[in-house]
Ligand code: GDP
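In the numbering used here, the protein residues as written are 7 to 230.
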């Protein structure tokens, strides 16, 4: 299946036999090659809007880094975003020459001084509001604490802009399957009631549950 081979990148050619599998189906091997590109602290540092981008957001400790690592089948990729000095940055990761993942700073633990928080909020609002090559936002929420005020703020903001949204209800292994299914339904209902157009799924990095479903969304956004 040639479609799984990023064109013109010899070093990235991966045979079907070697391709990673998620829930028995092929995962696009390009994700395994994802690598850190840059940290952005100010508007003027933003890379050119040249490639398709998908962003990840979520409350601190929701499981965002673990989700990015699971989706890229790498152990420490997103840990870069947690390095001192990079936690308040937008961290850019290249999947290949035409596709980028952007890890937005975790929110919810507002320890930073007010001026810094304002600067950071302005940057994120600018990024989510203006970025022309941004194809969608994956919002990571701990399935045990979904839809916090911060999550709603972000969802409302993206909905107003018409940005495609997908929600990962992660750490699904921490509750029973029945409870996870019920939370999924509740979240879907709340989104409908608020007229927020977002798809939702359960996810677990521990069990590698939902990886394939999330890849389908990412693949569509990134044009694989
Ligand atoms: P972040 O701050 O949103 O990037 O969160 P992390 O990815 O660092 O995860 C926070 C904590 O939750 C870590 O201890 C992870 O090991 C744990 N965690 C993340 N995802 C899962 C999951 O799907 N299942 C379980 N059981 N733990 C998880």
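Idealized CB from N, CA, C, for every residue including glycine.
Tell me, which residues are paired with residue i by DSSP?
i, result
"residue 148", "176"
"residue 215", "210"
"residue 37", "Per DSSP, none; premise fails for residue 37."
"residue 62", "109 and 144"
"residue 75", "DSSP, once it has assigned bridges, lists no residue as partnering residue 75."
"residue 189", "According to DSSP, which records beta bridges pairwise, residue 189 is partnered with nothing at all."
"residue 169", "None; residue 169 has no bridge partner."
"residue 102", "105"
"residue 44", "98"
"residue 68", "Residue 68 pairs with nothing; no bridge assigned."
"residue 204", "171"
State buried or exposed for residue i, treating a residue as buried only when at least 16 other CB atoms are found within 10 Å of its CB.
i, result
"residue 152", "buried"
"residue 89", "exposed"
"residue 70", "buried"
"residue 183", "exposed"
"residue 67", "exposed"
"residue 221", "buried"
"residue 139", "exposed"
"residue 211", "buried"
"residue 230", "buried"
"residue 176", "buried"
"residue 7", "Any reading at residue 7 must be qualified, since the residue scores a pLDDT of 33, below 50, and its modelled position is unreliable; the value itself is stated next. Exposed is the call here."
"residue 162", "exposed"
"residue 216", "buried"
"residue 135", "exposed"
"residue 155", "exposed"
"residue 35", "buried"
"residue 187", "exposed"
"residue 119", "exposed"
"residue 128", "exposed"
"residue 64", "buried"
Could you tell me how far apart the beta carbons of residue i and residue j are, in whole angstroms, since I believe they sit closer than 8 Å?
i, j, result
"residue 42", "residue 86", "5 Å"
"residue 223", "residue 206", "Going by Cβ atoms, the distance from residue 223 to residue 206 rounds to 11 Å, so no, they are not a contact pair."
"residue 143", "residue 61", "5 Å"
"residue 121", "residue 171", "Actually they do not touch by this definition, with Cβ atoms about 30 Å apart."
"residue 108", "residue 37", "That belief does not hold up - the Cβ atoms of residue 108 and residue 37 are roughly 15 Å apart, past 8 Å."
"residue 126", "residue 150", "Not really, about 26 Å apart at Cβ, beyond 8 Å."
"residue 98", "residue 44", "5 Å"
"residue 137", "residue 48", "Going by Cβ atoms, the distance from residue 137 to residue 48 rounds to 15 Å, so no, they are not a contact pair."
In chain order, what are the residues with a CB under 6 Å from some non-hydrogen atom of ligand 1? Chain-ordered list of matching residues: 64, 66, 67, 68, 69, 70, 71, 72, 112, 176, 177, 179, 180, 210, 211 and 212.
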